[in-house]
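Asks:
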Amino acid sequence: MNITKICCIGAGYVGGPTMAIIAQKCPQIEVTVVDLNEERIAAWNDEDVDNIPIYEPGLSEIVKEVRGRNLFFSTNVEKAIDETQIIFISVNTPTKTYGKGKGMAADLKFIELCARQIAKIAKDDKIVVEKSTLPVRTAEAIKSILDNTGNGVQFQILSNPEFLAEGTAVQDLLNPDRILIGGDTTEEGQKAIQALVDVYANWVPTDKILTTNVWSSELSKLTANAFLAQRISSVNAMSELCEKTGADVNEVAKAIGMDSRIGAKFLKASVGFGGSCFQKDILNLVYIAKSYGLHEVADYWEQVIIMNDYQKRRFSNKIVQTLYNTVADKKIAFLGWAFKKDTNDTRESAAIYVADDLINEQAQIAVYDPKVSAKKVLADLDYLETRTTEKNNACVTSFVDPYEACANAHAVAVLTEWDEFVQYNWQKIYHSMQKPAFVFDGRNILDRAKMEEIGFVYQAIGS
Ligand code: NAD
Ligand code: UGA
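First residue of the sequence shown? That's 1 in the numbering used here, and the numbers climb one at a time after it.
Structure, rendered in C-alpha cells:
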C-alpha cells in the first residue's frame with residue numbers, strides 16, 4: 001500500500017510532535033493534524049514558531065522546517081478523515097471523573113467520538129491507528145463502531161502506542177528504543193501493519209519495529225508505564241529508609257544501578273512523579289485487573305500510587321516540621337512548577353500538591369518556573385477545588401525573576417530539576433532570605449557541601 005496522506009486527530013503533546021517527525025522524515029507523505037480546540041490549532045499555525053503550544057527542545061525548529069511543506073494543522077476534522085489513508089487517534093484519555101470507574105478507569109468518550117466521526121465520514125477503506133494510551137481490548141469497541149456503518153467501508157485497527165517522554169520528545173521520536181505495532185492476524189490486518197511499518201522504516205531501523213497482536217500492544221503500553229513508575233516509587237520508598245539510617249539514596253541508587261540486571265536509569269529519588277500518564281495509566285491498570293477479579297494484581301500496582309502520594313505529602317510535612325511546625329504567613333519560594341524539566345506541562349505535577357498542603361497551613365507560596373505562566377499555576381490549584389480562586393490568588397504569587405521569588409523567603413523548595421537552578425548565585429539568594437535560610441531540595445540537584453558552606457540549612461530527599 002502506497003501511503004501518501006495521513007492525519008492525526010488530537011494536536012496535543014503526542015499528536016503534535018509525533019506528526020512533526022513523521023512529516024520531517026517522510027517528505028512524500030502529507031500529514032494533517034486536526035483538533036477541535038481552535039486556540040490550540042491557531043497556536044500551532046502561529047507565524048512565530050516560538051509560540052507553538054508545546055515547548056519541547058528542538059521541536060519549533062522542526063515545525064518551522066516542515067509546516068506548510070507537508071505538515072498542516074487544521075480544525076477541519078471531517079476533511080482530514082475523508083482525504084487520508086491512515087488516521088491516527090491521539091486524543092486525551094483522562095481518568096474518569098464521573099460514573100462507574102470514577103477516579104480509576106480511563107474515560108474513553110473522546111476516543112468513541114473519534115470512532116463515530118470516522119464511521120460517519122469515511123467513504124473508502126482506512127487504517128485507524130490507536131496512538132492514545134488505551135485499556136486493553138479498546139480496539140474491540142472501536143471496531144464494533146466502525147464495522148456497523150453499513151456502507152461497506154473496510155477498517156483495519158492498529159495499536160501503535162507512543163513511548164516518548166516529555167522534555168525529550170524530539171530525541172525519543174527520532175531515535176526510539178522501539179516502535180510497537182499491534183494488528184489483526186488476518187491477511188488484511190498484516191497488510192495494514194506493513195503499511196505502518198513502512199512509514200516508520202523511513203527513519204527507524206526495522207529491527208526496532210516490533211509487531212504483535214492488538215491486545216499485546218495495548219497492554220504493553222500500560223505495562224511499560226507501570227514498570228517505570230514502580231521504579232520511582234521503589235527508590236522513593238528507600239529514600240525514607242535512607243533518611244532514618246544514614247544511608248544516602250543517591251549512593252544506593254548508583255550501587256544497585258550498576259547491576260546490569262537492574263540498570264542505572266529511572267532511579268532518581270524525588271518529591272514524587274507527576275505527569276499526565278503514570279498515575280492515570282496505573283489506575284486504569286488497577287481498574288482493569290479488578291474488573292477481571294484479579295484483586296492481588298490490582299493491589300500490587302495500586303501501591304505504586306499510594307507510595308507516590310505519600311512521598312509528596314512527606315515532602316510538605318517535612319517543610320512544615322522543619323520550619324518549627326508552622327508555615328503560617330511564611331514565604332516559601334518554589335523553584336519549578338512543571339512536572340519535570342524541559343517542558344511547560346504541569347499535569348499532576350508534585351508542585352501542585354505540595355503547594356496545596358502548604359496553603360492549607362496558611363503559607364504564602366512564591367513560584368518561579370522558566371516555562372510555566374502565572375495563569376497556569378493558578379488554574380492548577382483551582383482545579384483541585386480545595387478553596388476558592390480568590391483564596392488561591394491571595395496565597396500564590398508567580399515571579400518572572402527567580403531571585404525576586406526567593407527574596408525574603410523563609411525557605412526555598414526545589415520542585416523541578418531545571419538545569420538553570422544549579423547555576424544560580426546561591427550566595428545572593430542566601431543573603432536575600434530570612435534566617436535561618438532553609439532549602440528543601442525535592443530533586444537532589446544542589447550540592448549539599450556548597451549549600452551548607454554558604455550557610456543554608458539544606459535538606460534533600462533520601463540523605
Ligand atoms: P493532550 O490533552 O495534550 O491532547 C489531546 C488533544 O486531543 C487535545 O488538544 C484535544 O482538544 C483533542 N481532542 C479530544 N477529542 C477530540 C476530538 N473528538 N476531535 C478532535 N480533537 C480532539 O493529550 P496528550 O498528552 O497528547 O495525550 C494523548 C494520548 O497519548 C493520551 O492517551 C496519553 O495517555 C497518551 N500519551 C501521552 C504522552 C505524553 O507524554 N503526554 C506520551 C505517551 C502517550
Ligand atoms: C512517561 C514515560 O517515561 C514515557 O515513556 C511515556 O510515553 C509517557 O510517560 C506517557 O505515557 O505519557 P513522561 O511522564 O513524559 O514520560 O516523563 P518521565 O521522564 O517518565 O517522568 C515522569 C515523572 O517521573 C516526572 O515527574 C519525573 O520527574 C519523575 N521521575 C522520573 C523521577 O522522579 N525519577 C526518575 O528517576 C525519573
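All residues carry an ideal CB built from backbone N, CA and C; glycine is no exception. Given the structure is predicted, the values throughout are model-derived calculations rather than measurements.
Is any heavy atom in the ligand NAD found nearer than 7 angstroms to the beta carbon of Asp184?
Replies: Result no, Cβ not under 7 angstroms from the ligand NAD.
Asks: For Leu173, which of helix, strand or coil comes out of DSSP?
Replies: It is helical.
Asks: State the Cα-Cα distance for the pair Arg116 and Leu146, rounded to the nearest angstrom.
Replies: Each residue's Cα considered, the two are about 7 angstroms apart.
Asks: What would DSSP say about Phe339, mapped onto helix, strand or coil?
Replies: Coil at Phe339, not helix or strand.
Asks: Tell whether a beta-carbon distance below 8 angstroms holds between Lys340 and Glu417.
Replies: Yes.
Asks: Use the C-beta contact count for Asp172: other C-beta atoms within 10 angstroms, 16 or more gives buried, fewer gives exposed.
Replies: The residue is buried, with at least 16 neighbouring Cβ atoms inside 10 Å.
Asks: Where the beta carbon is closer than 5 angstroms to any heavy atom of the ligand UGA, which residues qualify, in chain order?
Replies: Ordered along the chain, the selected set is Phe163, Ala165, Glu166, Ile232, Phe266, Lys268, Ser270, Phe273, Gly274, Gly275, Cys277, Phe339 and Lys340.
Asks: Tell me the DSSP bridge mates of Ala460?
Replies: DSSP lists Asp441 as partners of Ala460.
Asks: Classify Leu415 as helix, strand or coil using the three-state DSSP reduction.
Replies: Coil at Leu415, not helix or strand.
Asks: Return yes when the C-beta of Phe110 is under 7 angstroms from any heavy atom of the ligand SAM, and no when it is not.
Replies: Judged by which ligands are present, the ligand SAM is missing from the structure shown, whose ligands are the ligand NAD and the ligand UGA.
Asks: Between Tyr13 and the ligand NAD, is there a pair consisting of the residue's CB and a ligand heavy atom that are separated by less than 7 angstroms?
Replies: Checking every heavy atom of the ligand NAD against the Cβ of Tyr13, one is found closer than 7 angstroms.
Asks: Whose C-alpha, out of Leu446, Lys102, Lys143 and Ala437, is nearest the C-alpha of Phe421?
Replies: It is Leu446 whose Cα lies nearest to the Cα of Phe421.
Asks: Ends of the beta strand (DSSP E) at Lys5?
Replies: Here the beta strand (DSSP E) through Lys5 covers Lys5 to Ile9.
Asks: Using the three-state DSSP reduction, which class does Tyr368 fall into: helix, strand or coil?
Replies: Tyr368 falls in the strand class under three-state DSSP.
Asks: Could you tell me the distance, in whole angstroms, from the CA atom of Phe73 to the CA atom of Ile193?
Replies: Their backbone Cα atoms lie some 26 angstroms apart in a straight line.
Asks: Excluding the five sequence neighbours on either side, which residues of its own chain have a C-beta within less than 6 angstroms of the C-beta of Phe88, listed in chain order?
Replies: Hits under 6 angstroms: Cys8, Val129 and Lys131.
Asks: Measure the C-alpha to C-alpha separation of Asn393 and Leu378 and round it to an integer number of angstroms.
Replies: Taking the straight line joining both Cα atoms gives about 7 angstroms.
Asks: Sorted by chain position, which residues of the same chain lie with C-beta nearer than 6 angstroms to Val502's C-beta, five sequence neighbours on each side aside?
Replies: Only positions 1 to 463 of the chain appear in the structure, and residue 502 is not among them; the question remains open.
Asks: Give the secondary structure of Thr32 by DSSP, where H, G and I count as helix, E and B as strand, and everything else as coil.
Replies: If DSSP states are grouped into helix, strand and coil, Thr32 belongs with the strands.
Asks: Compare the beta carbon distance of Val271 and Lys312 with 8 angstroms and say whether it is the shorter of the two.
Replies: Result yes, Cβ atoms of Val271 and Lys312 sit closer than 8 angstroms.
Asks: Report the CB separation of Thr75 from Ile41 in whole angstroms; it is logged as a contact under 8 angstroms.
Replies: Indeed, because the Cβ distance is near 5 angstroms, the residues count as touching under 8 angstroms.
Asks: Among residues of its own chain, excluding the 5 on either side of Ala328, which ones have a beta-carbon nearer than 8 angstroms to its beta-carbon?
Replies: Glu361, Gln362 and Ala363, listed in sequence order.
Asks: Taking all protein chains shown into account, decide if Gln156 is buried (16 or more other Cβ within 10 angstroms of its Cβ) or exposed.
Replies: So Gln156 counts as buried.
Asks: Counting only runs of 4+ residues fully inside the stretch 247–301, write out the alpha helix (DSSP H) ranges in chain order.
Replies: You should have 249–257 and 278–291.
Asks: In chain order, which continuous runs of the beta strand (DSSP E) of length 3 or greater are located wholly inside the stretch 9–69?
Replies: If we require 3 residues or more, the beta strand (DSSP E) runs fully inside the stretch 9–69 come out as 30–34.
Asks: Give every residue of the same chain whose Cβ lies closer than 7 angstroms to the Cβ of Ala338, excluding the five residues on either side of it in the sequence, and list them in chain order.
Replies: Cβ within range, chain order: Asn344, Asp345, Thr346, Ser349, Asp369, Lys371, Val372 and Thr416.
Asks: Start and end of the beta strand (DSSP E) containing Ser398?
Replies: Segment Val396 to Ser398, the beta strand (DSSP E) holding Ser398.
Asks: Would you kindly work out how many angstroms separate the C-alpha atoms of Val63 and Leu71, rounded to a whole number?
Replies: Rounded to whole angstroms, Val63 to Leu71 spans 8 angstroms at the Cα level.
Asks: Taking 8 angstroms as the cut-off, decide whether the C-beta atoms of Ala119 and Thr149 are in contact.
Replies: Yes, Cβ-Cβ distance for Ala119 and Thr149 is below 8 angstroms.
Asks: Label Asp441 either buried or exposed according to how many other C-beta atoms from any shown protein chain fall within 10 Å of its C-beta, with 16 as the threshold for buried.
Replies: So Asp441 counts as buried.
Asks: For the ligand NAD, any of its heavy atoms closer than 7 angstroms to the Cβ of Lys131?
Replies: True, at least one ligand heavy atom lies under 7 angstroms from that Cβ.
Asks: Going by C-alpha distance, which of Lys280, Pro17 and Glu453 is nearest Thr97?
Replies: Here the closest residue by C-alpha is Lys280.
Asks: Would you mind stating whether Ile181 and Thr211 have Cβ atoms separated by less than 8 angstroms?
Replies: In contact: Ile181 and Thr211 (Cβ atoms closer than 8 angstroms).
Asks: Determine, using beta-carbon pairs with one atom in the stretch 218–232 and one in the stretch 159–175, whether at least three such pairs fall under 8 angstroms.
Replies: Because the criterion of three Cβ pairs below 8 angstroms is met, the stretch 218–232 and the stretch 159–175 touch.
Asks: Check whether the stretch 97–107 touches the stretch 281–288, counting contact only when three or more Cβ pairs, one atom from each stretch, lie closer than 8 angstroms.
Replies: Enough Cβ pairs lie closer than 8 angstroms, so yes.
Asks: Quick one, which of Ile461, Ile21 and Asn325 has its alpha-carbon nearest Lys244's?
Replies: The shortest Cα separation from Lys244 among Ile461, Ile21 and Asn325 belongs to Ile461.
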